[in-house]
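Have a look at the structure below before the remarks.
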Amino acid sequence: MKRLLLLCAAALALHAPAQTHRFAIEADHFTLDGKPYKVLSGELHYARIPREYWHARLKMARAMGLNTVATYVFWNVHEPTPGHYDFSGQNDVAAFIRTAQEEGLHVILRTGPYSCAEWDLGGLPPWLLADPQSAAAIRSNDPAFMVPAERWLRRLAQELTPLQVGRGGPILMTQIENEYGNFGPVPTDDPHAYMAHLKEIFLSAGFTDSLLFSGDNWRNIPKGYLDGLFAATNFGISNAQGGTDAIHKLRPNDPIFVSEYWPGWFDHWGHPHETRPTAPQLEDIDYILTHGSGINLYMFHGGTSFGFMAGSSYIGGNFLPDVTSYDYDAPLDESGRPTPKYFAYRKVFAKFACPDQTESCLPAVPTPLEPIAIPTVILASAGTLWDHLPNPIQSEQPQSMEHFGQSYGYILYRHQLTAPVSGDLVLNEVHDYARIYLEGKLAGTLDRRDKQTSLPITTTAPARLDILVANDGRVNSTHTMRTELKGITKSVTLAGAPLTDWQVFPLPMPEAPARHAPGKDPDAPQILTATFELQHPGDTFLDIHFLGKGAIWLNGHPLGRFWNAGPQQTLYVPAPWLKAGTNTIVAVDLLPQPHPSVTGLDHPILDGPTAANTHSKQE
């Protein structure tokens, strides 16, 4: 009988209504259930953290003194094709938010539809680019963008509106769009119509029980905010007073909330690794929390842009693709381990989290498992990319990836030259990296980073022309997003004459390619593979500096892009993706190297050698 009563009580508890709370603005501060509440938040993204590690990362947030975490929502991973949604596994954002609540944390939800985050196309789905009308309308009030955006937001609302604080969930705040003031020129007739329309959609979709807000870079707040919508601001090191003064001037009677404070920065292929000094950050955080009502560290924990999800920047006419690691010089490093910055931050946050202003009330910092080393694994050829070509698509013109319904990976354009020819091969707006072959032999490379568009070629007979193009990540901010088609986006000419009549082979690589017989052509892009045995899995860092440029999978999990341009020399491998027993590595390498191999290190190398100077956006 006692057991039966306990079971009944448990069943009643499961069906009992969740305890609701009220998060509000009162004068110049926030309140939670009528009591003053200072938001101590840090950002981390569910899609950049293996699901098996969500709890571990969130425990680290609590132990650093945070009471809240923030996450973007990435539209592109949830609606990979129009009207088809994925909230399973790694994409279960609602489960991530419930996990935060289980760890005693509130949540700031950054829904978009645009996110940024150095994520491919800022989180927008690439299929928006396939139609020139919707591409030109991105982040505008034009129905060509707003109709699919509204459809998406209403579907997302089904997942997340029950998790708002007013309904018993952890979501305190919900952000509409992101840094719209940075996007560029907006319509002069009604510059805020787009934000106003989004606000209507959010409210009608049910985001009524959390505080709606906008967030903008402190230099562009007036371009992105909306009357009647709480406004927050973003900035980096040594801008604490200027940034908070800017939002206070615009909204003198509202709480000051910094929705992004940047303790680090991200890396581009071929440019030096970015770090930021800790001491001025501690002063900034103390100033912000003393004078304001909250902060969100961007990032508390960066994680990894697994697969093909890393985006790109476009600064001063320069295309700058992002590396796979999103370590961000954050307090918690890419693999979830606390850095010296973490412990310094913990002391500052304790001043505002604990009654005695020391770390006395904070949970103990969890001890992460030690990473492991894996001996060198020699990779062998398992065929070439040419062995994996799908049936060709006939196309008069060499259209973009998106035209063929492709979002990521590589694309091959094949044309038969019917007579000898000598002259410049010109690829008009190739995005992003092209390898050019004549009769299977490498003729040269064109790299968008270096603004290369032409290659002199000569043939003495009819020849097969192959152009293999890699998508290195779509630009994730500014109006450049609207033209971020991938592949050959305009035209091809040879010796001044246009080339038409193409065979096109989309190679999206949603999973590791199958293995074939060893490839015999040293110029061809190689599929490499190996197996290795492991007794005790652990986190490791795969040293890939003996590979060229491509992508790699381990036990079917996409680790991300690699490139010997540096600075990133290792790819993070989480322990749950390894097996006790036999493990399999598969890589696609567009730049075959003489002795391909990988080694598992017990530490990352994110600051390897590079040849270029760094480009940073204004903080």
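Okay, so the sequence shown: first residue is 177 according to the numbering used here, each after it adds one. Think of the CB as a built atom: it goes at the ideal place given N, C-alpha and C, for glycine as much as any other residue. From a predicted model like this one, the values you see are computed outputs, not experimental measurements.
Could you give the residue range of the alpha helix (DSSP H) that holds Gly585? Here residue 585 corresponds to residue number 409 of the sequence shown, with the count starting at 1. It is not in any alpha helix (DSSP H) - Gly585 carries neither H nor E in the DSSP assignment.
Would you list, in sequence order, the uninterrupted beta strand (DSSP E) runs of no fewer than 3 residues that lie entirely inside the stretch 291–341? none
Tell me the rounded alpha-carbon separation between Ala549 and Gly714. Locating residue 549 in the sequence shown gives position 373, where the first residue counts as 1. Locating residue 714 in the sequence shown gives position 538, where the first residue counts as 1. Rounded to the nearest angstrom, the two C-alpha atoms are 9 Å apart.
Distance, Cα to Cα, Thr594 vs Ala639? Within the sequence shown, residue 594 is the residue found at index 418, counting from 1. Within the sequence shown, residue 639 is the residue found at index 463, counting from 1. Between Thr594 and Ala639, the C-alpha separation is close to 7 Å.
Closest to Gly672 by CA distance: which of Val602, Thr635, His221, Pro686 is it? Along the sequence shown, one-based indexing puts residue 672 at 496. Answer by Cα proximity: Val602.
Excluding sequence positions up to five away, which residues of its chain have a Cβ less than 7 Å from the Cβ of Glu325? One-based indexing of the sequence shown puts residue 325 at position 149. The sequence shown places Ala at residue 325, not Glu. Result list for Ala325: Pro289, in chain order.
When burial is assigned at 16 or more other CB atoms within 10 Å of the CB, is Gly265 buried or exposed? Taking the first residue of the sequence shown as 1, we reach residue 265 at position 89. Its Cβ having fewer than 16 others within 10 Å, Gly265 is exposed.
Suppose you measure from the CA of Glu279 to the CA of Gly492; what does that come to, to the nearest Å? On the sequence shown, residue 279 is found 103 positions in, with the first residue counted as 1. On the sequence shown, residue 492 is found 316 positions in, with the first residue counted as 1. If I take the Cα positions, the gap works out to 43 Å.
Does the structure place the stretch 476–484 close enough to the stretch 220–234 that three or more beta carbon pairs sit under 8 Å? yes
Helix or strand or just coil, what does DSSP make of Thr790? Position 614 of the sequence shown, counted from the start, is the residue given in the question as residue 790. Reliability fails at Thr790, whose pLDDT of 37 lies under 50, so the model's placement of it is uncertain and the value that follows must be treated cautiously. It is coil, neither helix nor strand.
How long is the line joining the alpha carbons of Glu687 and Thr746, rounded to whole angstroms? For the purposes of this step, residue 687 is taken as residue 511 along the sequence shown, with counting starting at 1. For the purposes of this step, residue 746 is taken as residue 570 along the sequence shown, with counting starting at 1. Answer to the nearest angstrom: the Cα atoms are 21 Å apart.
Does the separation of the CB atoms of Phe389 and Ala408 fall below 8 Å? On the sequence shown, position 213 is the one that residue 389 refers to. On the sequence shown, position 232 is the one that residue 408 refers to. Closer than 8 Å, so yes.
Give a yes or no on contact between the stretch 334–350 and the stretch 226–243, applying the rule of three or more CB pairs nearer than 8 Å. no
Tell me whether Asn472 is buried or exposed, calling it buried when 16 or more other Cβ atoms sit within 10 Å of its Cβ. Walking along the sequence shown from the start, residue 472 turns up at place 296. Buried.
Compare the Cα-Cα distances from Leu285 to each of Leu387, Leu374, Ala306 and report the closest residue. Taking the sequence shown and counting its residues from 1, the one referred to as residue 285 is at position 109. Minimum Cα distance to Leu285 is reached at Leu387.
I'd like to check one pair, Gln277 with Gly342: are the Cβ atoms closer than 8 Å? Taking the sequence shown and counting its residues from 1, the one referred to as residue 342 is at position 166. Taking the sequence shown and counting its residues from 1, the one referred to as residue 277 is at position 101. No, the pair does not count as a contact, with Cβ atoms beyond the cut-off.
Alpha carbon to alpha carbon, how far is Glu510 from Lys399? Here residue 510 is taken as the residue at index 334 of the sequence shown, counted from 1. Here residue 399 is taken as the residue at index 223 of the sequence shown, counted from 1. Cα-Cα distance, rounded: 34 Å.
I'd like to know if Pro551 contacts chain C, where contact means its C-beta is closer than 8 Å to some C-beta of that chain. Protein chains in the displayed structure number just one, and chain C is not present.
Work out the CA separation of Val651 and Thr786 for me, nearest whole Å. Translated into the one-based positions of the sequence shown, residue 786 becomes position 610. Translated into the one-based positions of the sequence shown, residue 651 becomes position 475. Their Cα atoms are separated by approximately 21 Å.
His254 beta carbon less than 8 Å from that of Tyr248: Translated into the one-based positions of the sequence shown, residue 248 becomes position 72. Translated into the one-based positions of the sequence shown, residue 254 becomes position 78. Their beta carbons are not under 8 Å apart, which means Tyr248 does not touch His254 by this criterion.
Where His449 falls, given that 16 or more other Cβ within 10 Å makes a residue buried: Position 273 of the sequence shown holds residue 449. By the 10 Å Cβ count, His449 comes out buried.
Sequence-distant residues of its chain with Cβ nearer than 8 Å to Ala192 (five each side left out): Taking the first residue of the sequence shown as 1, we reach residue 192 at position 16. Low confidence applies here, because Ala192 scores a pLDDT of 48, under 50, leaving its location unreliable; read the following figure in that light. Counting only Cβ-Cβ distances below 8 Å, and skipping sequence neighbours, we find nothing.
Express the C-alpha separation of Phe378 and Thr420 in angstroms, rounding to a whole number. Within the sequence shown, the letter at position 244 stands for residue 420. Within the sequence shown, the letter at position 202 stands for residue 378. Spanning the two alpha carbons is a distance of roughly 27 Å.
Rounded to a whole number of angstroms, what is the C-alpha to C-alpha distance between Asp366 and Ala194? Looking up residue 366 in the sequence shown gives position 190. Looking up residue 194 in the sequence shown gives position 18. Rounded to the nearest angstrom, the two C-alpha atoms are 42 Å apart.
Alpha carbon of Phe359 to alpha carbon of Ser488, nearest angstrom: Residue numbering aside, residue 359 sits at position 183 when the sequence shown is read from its first letter. Residue numbering aside, residue 488 sits at position 312 when the sequence shown is read from its first letter. If you take the alpha carbons of Phe359 and Ser488, they lie about 15 Å apart.
Smallest Cα separation from Glu605: which of Arg625, Tyr613, Tyr463? The sequence position of residue 605 within the sequence shown is 429, counting from 1. Checked all of Arg625, Tyr613, Tyr463; the closest Cα to Glu605 is Arg625.
Pair within 8 Å by beta-carbon distance, Leu297 and Glu578: The sequence position of residue 297 within the sequence shown is 121, counting from 1. The sequence position of residue 578 within the sequence shown is 402, counting from 1. Against a cut-off of 8 Å, the Cβ pair of Glu578 and Leu297 comes out as no contact.
DSSP state of Thr654 mapped onto helix, strand, coil: Taking the first residue of the sequence shown as 1, we reach residue 654 at position 478. In the structure shown, Thr654 sits in coil (DSSP, three-state: anything other than H, G, I, E or B).
Tell me where the alpha helix (DSSP H) around Asp421 begins and ends. Counting from 1 along the sequence shown, the entry for residue 421 is found at position 245. 416–426 is the extent of the alpha helix (DSSP H) around Asp421.
Enumerate, from N- to C-terminal direction, the unbroken alpha helix (DSSP H) stretches of 4 or more residues contained entirely within the stretch 490–567. 516–529
Beta-carbon separation (whole angstroms), Pro743 vs Asp443, contact threshold 8 Å: Along the sequence shown, one-based indexing puts residue 743 at 567. Along the sequence shown, one-based indexing puts residue 443 at 267. Going by Cβ atoms, the distance from Pro743 to Asp443 rounds to 6 Å, so yes, they are a contact pair.
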